[in-house]
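A short worksheet on the structure shown next.
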Amino acid sequence: MRMLEGTTRDAQDLVAVVPPNMAPATVEKIAINAVMAGCKPEYLPVVITAIEACVTEEFNAHGVWATTMGAAPAIVVNGPIRHHIGMNMRLGALGQGNRANAAIGRAVRLVMRNVGGAKPAGTERSTLGTPMKYTLSFAEWEERSPWEPMHVEKGFDPDDSVVTVFPATSGPQLMVDQTARTARALTGILGLTMAAVGNPHTPTGHVLFVVCPEHADTIWRDRWSKQQVRDYILEVTSMPLRDRLATPDASGIEPTQFGPDGPTEEQLDKLYSKFRAPEFIHMVVAGSEAGKFSAVLGGWASSPVSRKIENIP
Numbered sequence: 374m375r376m377l378e379g380t381t382r383d384a385q386d387l388v389a390v391v392p393p394n395m396a397p398a399t400v401e402k403i404a405i406n407a408v409m410a411g412c413k414p415e416y417l418p419v420v421i422t423a424i425e426a427c428v429t430e431e432f433n434a435h436g437v438w439a440t441t442m443g444a445a446p447a448i449v450v451n452g453p454i455r456h457h458i459g460m461n462m463r464l465g466a467l468g469q470g471n472r473a474n475a476a477i478g479r480a481v482r483l484v485m486r487n488v489g490g491a492k493p494a495g496t497e498r499s500t501l502g503t504p505m506k507y508t509l510s511f512a513e514w515e516e517r518s519p520w521e522p523m524h525v526e527k528g529f530d531p532d533d534s535v536v537t538v539f540p541a542t543s544g545p546q547l548m549v550d551q552t553a554r555t556a557r558a559l560t561g562i563l564g565l566t567m568a569a570v571g572n573p574h575t576p577t578g579h580v581l582f583v584v585c586p587e588h589a590d591t592i593w594r595d596r597w598s599k600q601q602v603r604d605y606i607l608e609v610t611s612m613p614l615r616d617r618l619a620t621p622d623a624s625g626i627e628p629t630q631f632g633p634d635g636p637t638e639e640q641l642d643k644l645y646s647k648f649r650a651p652e653f654i655h656m657v658v659a660g661s662e663a664g665k666f667s668a669v670l671g672g673w674a675s676s677p678v679s680r681k682i683e684n685i686p
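Residue numbers 374 to 686, in my numbering, belong to the letters of the sequence shown in order.
Pasting the structure below:
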């Protein structure tokens with residue numbers, strides 16, 4: 374099979390045991406699904422690595438497919454392989470029109486369905502579903518970013534090719550600011566937009582923050598680091614616990630989480646951010662040179678996982 378020329382691994386190598394059926398996925402089985410998805414052979418190492426990342430305990434593929442919340446893997450690729458296989462990281466990076474972007478995400482989905490058995494109305498129980506269950510993969514535009522790319526932040530070398538799978542439940546939610554001229558003003562409005570992810574009153578887990586080049590330029594004009602951006606987002610999305618509690622008029626954090634008598638006055642005055650920690654905000658740069666439109670993808674209960682892409686011929 375020509376597809377197998379895309380990797381140095383043997384066709385019968387076991388890559389993963391895929392939930393929910395806990396079925397073995399060999400290189401050959403993954404290659405078959407990659408063909409059905411429209412992949413070229415050179416995409417295969419990315420697909421294999423994405424599958425390896427999906428079946429980790431941290432990502433929890435079984436939960437991602439089974440949750441009624443409707444989660445799916447959003448796939449981000451970093452490193453030299455982006456250019457080698459022709460991935461789109463520029464205009465329309467999250468949309469249609471690029472074979473590699475479309476086929477890689479579709480191949481991962483087919484492996485999970487055809488090998489793992491994740492099928493709608495079976496173990497897959499998403500209330501609404503999401504187009505991301507069909508495909509969402511793109512590359513970070515590292516050369517256009519003023520900051521370290523995501524894979525370097527996570528401890529990989531700049532020359533490593535890395536795939537990150539992010540358990541996304543919502544988005545891409547467009548974040549519009551065409552007038553801010555300072556990092557503080559822009560980051561503040563982007564943070565307030567993120568505050569609505571899921572439920573405005575309740576904290577969330579991880580989010581994938583896709584920064585467009587023009588917004589990156591505005592932020593970097595004041596030389597703000599990614600850490601400063603994250604810290605300020607935590608600040609602007611913070612509110613006293615009393616404003617996050619469930620009431621007869623709106624849902625929120627249940628008071629009984631703080632004990633049978635509810636929270637103390639001291640706890641009620643304590644500030645709670647939308648995000649548990651700055652590192653829960655994962656930033657990448659992508660998109661067209663023109664247009665001040667960034668996006669956020671809300672996460673599920675599990676964690677994103679990054680893996681180095683190996684076995685490239």
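Just so you know, even glycine gets a beta-carbon here, dropped at the ideal spot from N, CA and C.
Here the structure is a predicted model, which is why all the values come from computation and not from measurement.
C-alpha gap between Phe529 and Thr620, whole angstroms = So the two alpha carbons sit approximately 46 Å from each other.
task = Return the first residue and the last residue of the beta strand (DSSP E) that Pro540 is part of.
result = That run of the beta strand (DSSP E) goes Val535 to Val549.
ask   = How about the stretch 442-450 and the stretch 492-510: do they share at least three Cβ pairs that are nearer than 8 Å?
value = Because the criterion of three Cβ pairs below 8 Å is met, the stretch 442-450 and the stretch 492-510 touch.
Through-space distance from Glu515 to Glu608, alpha-carbon basis = The alpha-carbon of Glu608 is positioned some 27 Å away from that of Glu515.
Of the residues Asn572, Val538 and Arg615, the one placed nearest Ala423, counting alpha carbons only = Closest option to Ala423, Cα to Cα, is Val538.
inquiry  = Would you call the stretch 403-422 in contact with the stretch 375-395, where contact means no fewer than 3 C-beta pairs closer than 8 Å?
reply    = The stretch 403-422 is in contact with the stretch 375-395.
query = Going straight from the alpha carbon of Leu563 to that of Ala439, what length do you get?
reply = Their backbone Cα atoms lie some 31 Å apart in a straight line.
message = For Gly478, count the other beta carbons within 10 Å of its own beta carbon; 16 or more makes it buried, fewer makes it exposed. Which is it?
response = A residue is called buried when at least 16 other Cβ atoms come within 10 angstroms of its Cβ; Gly478 meets this threshold and is buried.
query = Roughly how many whole angstroms lie between the Cα atoms of Thr549 and Phe666?
reply = First, the amino acid is wrong: residue 549 is Val here, not Thr. When rounded, the distance between both Cα atoms is 5 Å.
Cβ-based burial, His655 [other Cβ within 10 Å; buried from 16] = Residue environment: His655 is assigned as buried (16 or more neighbouring CB atoms within 10 Å of its CB, all protein chains considered).
message = Can you confirm whether the stretch 389-408 touches the stretch 638-651 when touching is taken to mean that 3 or more C-beta pairs between the two stretches lie within less than 8 Å?
response = No, the stretch 638-651 does not touch the stretch 389-408.
key: Coarse secondary structure for Leu618, derived from DSSP in three states   = Reduced to three states, the DSSP call for Leu618 is strand.
query = Which runs of the alpha helix (DSSP H), 4 residues or longer, sit entirely within the stretch 396-448?
reply = Segments of the alpha helix (DSSP H) lying fully in the stretch 396-448: 400-410, 417-427 and 434-439.
key: Paired residues, beta bridge with Ser569 - DSSP   = Residue identity check: residue 569 is Ala in the sequence provided, not Ser. Looking at the DSSP assignment, Ala569 forms no beta bridge with any residue, so it has no partner.
message = Would you call the stretch 561-575 in contact with the stretch 610-628, where contact means no fewer than 3 C-beta pairs closer than 8 Å?
response = Yes, they touch.
key: C-alpha gap between Ala466 and Ala512, whole angstroms   = Ala466 and Ala512 have their alpha carbons spaced roughly 8 Å apart.
Among Leu387, His579, Pro531 and Met409, nearest to Val428 - alpha-carbon criterion = It is Leu387 whose Cα lies nearest to the Cα of Val428.
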